[in-house]
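Numbering-wise (this note's numbering), the sequence shown opens with residue 10 and increments by one.
One structure is given below, encoded as structure tokens.
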Amino acid sequence: MSRSAVRLAGVCLSLPLLVLLAAAITGQDGHAIDLDAVLRGMGTSHLLGTDALGRDVLARLAEGLQLSLMVGVMVVLFGGMVGISIGMLAGWMGGWLDALLMRIADIVLSFPGILLAIALAAMLGPGVDNLMMALVAVGWVGFARLSRAQVLSLKSSPFVEAAIANGSAVPYIAVRHLLPNIAAPLLIEASFGLAAVIIGEAGLSFLGVGVQPPDASLGTMIREGSRLMLVSPALVIWPGLVLFSLVMAVNLLGDALRDTLDVRMEGR
Numbered sequence: 010m011s012r013s014a015v016r017l018a019g020v021c022l023s024l025p026l027l028v029l030l031a032a033a034i035t036g037q038d039g040h041a042i043d044l045d046a047v048l049r050g051m052g053t054s055h056l057l058g059t060d061a062l063g064r065d066v067l068a069r070l071a072e073g074l075q076l077s078l079m080v081g082v083m084v085v086l087f088g089g090m091v092g093i094s095i096g097m098l099a100g101w102m103g104g105w106l107d108a109l110l111m112r113i114a115d116i117v118l119s120f121p122g123i124l125l126a127i128a129l130a131a132m133l134g135p136g137v138d139n140l141m142m143a144l145v146a147v148g149w150v151g152f153a154r155l156s157r158a159q160v161l162s163l164k165s166s167p168f169v170e171a172a173i174a175n176g177s178a179v180p181y182i183a184v185r186h187l188l189p190n191i192a193a194p195l196l197i198e199a200s201f202g203l204a205a206v207i208i209g210e211a212g213l214s215f216l217g218v219g220v221q222p223p224d225a226s227l228g229t230m231i232r233e234g235s236r237l238m239l240v241s242p243a244l245v246i247w248p249g250l251v252l253f254s255l256v257m258a259v260n261l262l263g264d265a266l267r268d269t270l271d272v273r274m275e276g277r
């Protein structure tokens, strides 16, 4: 594992972790409106100041950060389950089913991912659940194509043929023999997919088709703060820095994981 990448990831993670820790210590309510403290600067009562409604910025940053992580993990989990199932089925069965499933994947890939997610989120309506459904509908394709390619390379392997000769059922072969052998590239795909989902959630929320007020999201905080950029630039800077740090850390950890699991890197 690349030590420099891990160290840099730790540095990037320090800001989100400090936000979560400081918010837990101060115990401020990110939804409490205080019109007497509108756009207040950094201070002892509000460490990072307040927004246009007098709400504590630090508490809302922590809430938005937790929501981004929750959405990212859930979307990668469900998208991975759907994509891996479809990809393994297509790679194992082959024939017309493989062609049909991969053509569906090609259709999804023919659209820019963020534009397709925006269209789906707009059709489903605003809200966290619909946002996750839209991102899952876009994010399963990478897992499907990767798992299909891995299954195609493994299904004629001796250990798979031995399992078939022993009369093992296909689901058993998939879970017991194929899945453990394709887990490494899938984990790498999941790490990079997590970063993409976090950015996607922030982008959709910034455009108004994701998380809705009064719930806090890093994307909605940037959108609300952009209207007051000249008055209080910190309302955009803080959520932007937290989003950047989180995505950068996830990408760096994905790079380190890839270097660790890639056998071609062992001799370098």
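For glycine and all other residues, C-beta sits at the position ideal for the given N, C-alpha and C.
What you are looking at is a predicted structure, and each value in this text was computed from that prediction instead of being measured.
Whole angstroms is fine: what's the gap from Gly-96's alpha carbon to Ser-165's?
16 angstroms
Tell me Thr-59's beta-bridge partners as DSSP assigns them. Asp-65
So, Ala-146 versus Val-218, is the Cβ gap smaller than 8 angstroms? no
Is the Cβ-Cβ distance between Leu-216 and Glu-233 less than 8 angstroms? no
Exercise for the section: Within the segment 164 to 208, note down every full alpha helix (DSSP H) run reaching 4 residues or more, in order along the chain. Expected result: 167 to 174 and 179 to 182
ask   = Arg-69: which of Pro-223, Leu-237, Ala-265 and Met-257 sits nearest, CA to CA?
value = Pro-223
Point to revise | Contact set for Ser-77: own chain, Cβ-Cβ below 8 angstroms, skip 5 residues either direction | key: Ile-207, Glu-210, Ala-211, Ser-226, Leu-227, Leu-252 and Leu-255
Item checked: Coarse secondary structure for Met-274, derived from DSSP in three states -> Residue confidence is low: Met-274 scores 48 on pLDDT, short of 50, so the model does not pin down where it sits. Its coordinate-derived value is still stated next. Correct three-state label for Met-274: helix.
Please say whether Val-220 and Met-141 have beta carbons closer to each other than 8 angstroms?
-> no
Spatial neighbours of Cys-289 in its chain, beta-carbon cut-off 7 angstroms, leaving aside the 5 residues before and after
This structure gives no information on residue 289, because the portion of the chain shown stretches from 10 to 277.
request  = Report the option in Ala-153, Leu-26 and Val-66 whose CA atom is closest to the CA atom of Ile-113.
outcome  = Ala-153
Q. Val-93 to Leu-74, Cα distance in whole Å?
A. Just to set this straight, residue 93 is Ile in the shown sequence, not Val. Approximately 28 angstroms, taken between the alpha carbons.
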